[in-house]
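Heads up: the structure comes next, in structure tokens.
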Ligand SMILES: [Zn+2]
Ligand SMILES: [Zn+2]
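Numbering (the numbering used here), first residue to last: 366 to 702.
Next comes the structure, spelled out in structure tokens:
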């Protein structure tokens, strides 16, 4: 019998399509090796620094000059930004039917390695930690800018995840508005807090740790699991165990542990599903609502192994063809080869 499941944090329903359920192995077809492009044509490779806008920040060897080789992480403005730093953040008048405002914001690219043919799951542990330290640094700086309400950090890995650039990178976009999609999630979390006097994510962590079946990894301060109402096959959430509403407040020590957790989780996705495309996004409270009791920051990882169609578009109800408990079991059991 198919099952409708509701995510207690977002209130979104999904269909767990047991009738059409597939075995997790079916999502791990042989995939072509990551193609290595002609290295001299990639603006993100070490040595091509002049082909990008000047760097905002770089972790580089002492004594090397900005915008020259010698870096291991490099952050640059996006050459084709979705939003730009200059302009007016006032909305058009309330009574106008079509509202608009200047496209003010910040759009940056975090180049995760000077080398082209690397992937986060297979990088050195230390490098992954430094990537997350760089995320934290940009996040804190952009959150302090009074013009921005939301800072969104995300990664598109592979063509089905929305990028054609193979060089390992992630992006950050700061916006002068809090979009409905985020606002809705904040309001649902707030409603749960009003009704129950506790954070819905803290409650979810307790339930998942007690149930165990959907847990993938569990360290001192973080947990990774497939949510009860995962909206797509192998969707994974990574959360700090201790309540914290904003990614801004994570300490450098904890960032290292998070780097370990993310590397292990992405490695199991990489190995089990044979290097699928994926997205991840850091979901955190808006910049001006930093310390709140009702929201709990987390990272949502979505392997792009299925596509959405008309029913999802019309209803917002996703159909997941892998039972979340089976997905977690599959990801937990790392293949040795
Ligand atoms: Zn490259
Ligand atoms: Zn919490």
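Every residue gets a Cβ at the ideal spot worked out from N, C-alpha and C, and that includes glycine.
| Asked | Found |
| --- | --- |
| Give the DSSP-derived three-state secondary structure of residue 614 in the structure shown. | helix |
| Can you give me the C-alpha to C-alpha distance between residue 375 and residue 437, rounded to a whole angstrom? | 37 Å |
| Using the C-alpha atoms, what's the distance from residue 472 back to residue 488? | 25 Å |
| Going by beta-carbon coordinates alone, are residue 525 and residue 669 separated by less than 7 Å? | yes |
| So what's residue 392 in DSSP terms, helix, strand or just coil? | helix |
| So residue 499 and residue 440 are supposed to be a Cβ contact under 8 Å. How far apart are they, rounded? | 6 Å |
| For residue 357 and residue 682, what's the separation of their Cα atoms in angstroms? | Because the chain is modelled from 366 through 702, residue 357 falls outside the range shown and cannot be assessed. |
| Could you tell me which residues DSSP puts in a beta bridge with residue 583? | 588 |
| Have a look at 390, 630, 598, 687 and flag the residue whose alpha-carbon is nearest the alpha-carbon of residue 604. | 630 |
| Got a sec: does ligand 2 put a non-hydrogen atom nearer than 6 Å to the Cβ of residue 703? | The requested residue 703 does not occur in the structure, where the chain is confined to residues 366 to 702. |
| For the stretch 410-473, list the beta strand (DSSP E) runs that are entirely contained and at least 3 residues long, ordered along the chain. | 422-425, 436-442 |
| Based on the DSSP output, what are the partners of residue 476 in its beta bridges? | 439, 534 |
| Less than 8 Å between the CB atoms is what I'm expecting for residue 486 and residue 663, so what's the real figure, rounded? | Rounded, the Cβ-Cβ distance is 19 Å, inconsistent with contact. |
| Any Cβ of chain D within less than 7 Å of the Cβ of residue 604? | The structure shown contains no chain D; it is built from a single protein chain. |
| Got a sec? Which residues, its chain only, sit under 6 Å from residue 693 by beta carbon, not counting five neighbours each side? | 579, 581, 591 |
| Across the stretch 428-436 and the stretch 455-468, are there enough close Cβ pairs to call them in contact, namely three or more that are closer than 8 Å? | no |
| In chain order, what residues of the same chain lie with their CB nearer than 6 Å to the CB of residue 651, ignoring the 5 residues before and after it? | 514, 515, 543 |
| Rounded to the nearest angstrom, what separates residue 449 and residue 413 at their Cα positions? | 24 Å |
| Closest to residue 523 by CA distance: which of 640, 570, 506 is it? | 640 |
| Hey, would you say the C-beta of residue 566 is under 6 Å away from at least one heavy atom of ligand 2? | yes |
| Can you list, in chain order, the residues of its chain with a C-beta nearer than 6 Å to that of residue 539? Leave out the 5 residues immediately preceding and following it. | 470, 471, 507, 513, 516 |
| Using only CA atoms, which one of 658, 537, 530 lies nearest to residue 609? | 658 |
| What I want to know is whether the C-beta of residue 608 ends up closer than 6 Å to one or more non-hydrogen atoms of ligand 2. | yes |
| Over the uninterrupted alpha helix (DSSP H) stretch that includes residue 546, give me the two end residues. | 545-561 |
| Given residue 533, which residues of its chain have a CB within under 7 Å of its CB, disregarding the five upstream and five downstream residues? | 477, 478, 483, 484, 485 |
| In this structure, what does DSSP give as the bridge partners for residue 668? | 643 |
| Would you say the beta carbon of residue 522 is closer than 6 Å to some non-hydrogen atom of ligand 1? | no |
| Three-state secondary structure (DSSP) at residue 374? | coil |
| According to DSSP, what are the bridge partners of residue 603? | 589, 664 |
| Let me check understanding here. Comparing Cα to Cα, which of 649, 625, 585, 601 lies closest to residue 710? | The requested residue 710 does not occur in the structure, where the chain is confined to residues 366 to 702. |
| Whole-angstrom Cβ separation of residue 660 and residue 520, contact assumed at under 8 Å? | Not a contact, Cβ separation roughly 22 Å. |
| Around the C-beta of residue 673, are 16 or more other C-beta atoms found within 10 angstroms, so that it is buried, or is it exposed? | exposed |
| Thinking residue 588 and residue 501 are a contact (beta carbons under 8 Å), I'd like their distance in whole angstroms, please. | Contact doesn't hold; Cβ gap of about 20 Å is too wide. |
| Hey, is residue 532 close to ligand 1, as in C-beta under 6 Å from one of its heavy atoms? | yes |
| Assign residue 522 to one of three DSSP states: helix, strand, or coil. | strand |
| How many Å lie between residue 447 and residue 422 at the Cα? | 20 Å |
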